[in-house]
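Residue numbers (the numbering used here): 4 to 128.
Ideal Cβ positions, reconstructed from N, Cα and C, are used throughout, including at glycine.
On a predicted model such as this, the values are computed, not experimentally measured, just so you know.
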Amino acid sequence: MKKHIVNEATGISYTLVGDYYIPDLKLPETENKPIGIWGRKRLAYLKEHKKFLFNQLVLSWKLNSHLAEINEQATEMLDRLTEQMANAEGVTEKLKEENQMLWVARMNNIRNRAEEIVNAELIYS
Numbered sequence: 004m005k006k007h008i009v010n011e012a013t014g015i016s017y018t019l020v021g022d023y024y025i026p027d028l029k030l031p032e033t034e035n036k037p038i039g040i041w042g043r044k045r046l047a048y049l050k051e052h053k054k055f056l057f058n059q060l061v062l063s064w065k066l067n068s069h070l071a072e073i074n075e076q077a078t079e080m081l082d083r084l085t086e087q088m089a090n091a092e093g094v095t096e097k098l099k100e101e102n103q104m105l106w107v108a109r110m111n112n113i114r115n116r117a118e119e120i121v122n123a124e125l126i127y128s
């Protein structure tokens with residue numbers, strides 16, 4: 004028996020292992036980027052509510068890059084929104100020096116609102 008054969012109809016090559024021919028399949032190269040918290044939230048949402056899109060991304064080997072991109076966009080959006088809201092509401096370093104507890108409370112409020120916007124615009128859409 005030949006060690007390697009190629010199926011002319013499909014173009015797939017096979018290697019003889021023991022008594023069986025095993026297809027020589029290779030996975031495509033993918034980038035290994037971290038997906039972060041926003042990517043994990045998006046993953047959970049896709050699995051639960053957008054099963055078709057999730058399966059499409061998995062089968063096309065684009066899931067990890069999609070999640071990494073969402074994570075990057077969400078992080079940038081959160082930082083930008085937090086900064087813009089803090090400036091608009093007058094939450095500055097001067098306030099931090101004068102009344103730390105008020106500054107912390109207002110920044111937590113701003114961050115929570117910014118997270119809700121990011122969730123609505125990027126993660127759960």
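Exposure label - residue i; buried when at least 16 CB within 10 Å
| i | result |
| --- | --- |
| leucine 19 | exposed |
| tryptophan 3 | Outside the shown range of the chain, which is 4 to 128, sits residue 3, and nothing can be said about it. |
| alanine 77 | buried |
| alanine 117 | buried |
Residue i at chain C interface by Cβ criterion, 8 angstroms
| i | result |
| --- | --- |
| leucine 28 | Included in the structure is just one protein chain, with no chain C present. |
The beta strand (DSSP E) enclosing residue i, as first and last residue numbers
| i | result |
| --- | --- |
| glutamate 25 | It should be noted that the sequence gives isoleucine, not glutamate, for residue 25. From DSSP, the beta strand (DSSP E) with isoleucine 25 extends over 23-26. |
| serine 16 | 16-20 |
Residue closest to residue i, alpha-carbon to alpha-carbon, out of the options
| i | options | result |
| --- | --- | --- |
| lysine 36 | Ser68, Leu49, Ala117 | Ser68 |
| glycine 39 | Ala117, Ile8, Glu79, Glu11 | Glu79 |
| arginine 43 | Leu30, Glu75, Leu62 | Glu75 |
| serine 128 | Thr13, Ala12, Leu46 | Leu46 |
Same chain, Cβ closer than 8 angstroms to residue i, five either side skipped, listed in chain order
| i | result |
| --- | --- |
| tyrosine 17 | His7, Ile8, Val9, Asn10, Tyr24, Ile25, Pro26, Asp27 |
Residue i: first and last residue of the uninterrupted alpha helix (DSSP H) it sits in
| i | result |
| --- | --- |
| isoleucine 38 | Careful: isoleucine 38 lies outside any alpha helix (DSSP H) and carries neither H nor E. |
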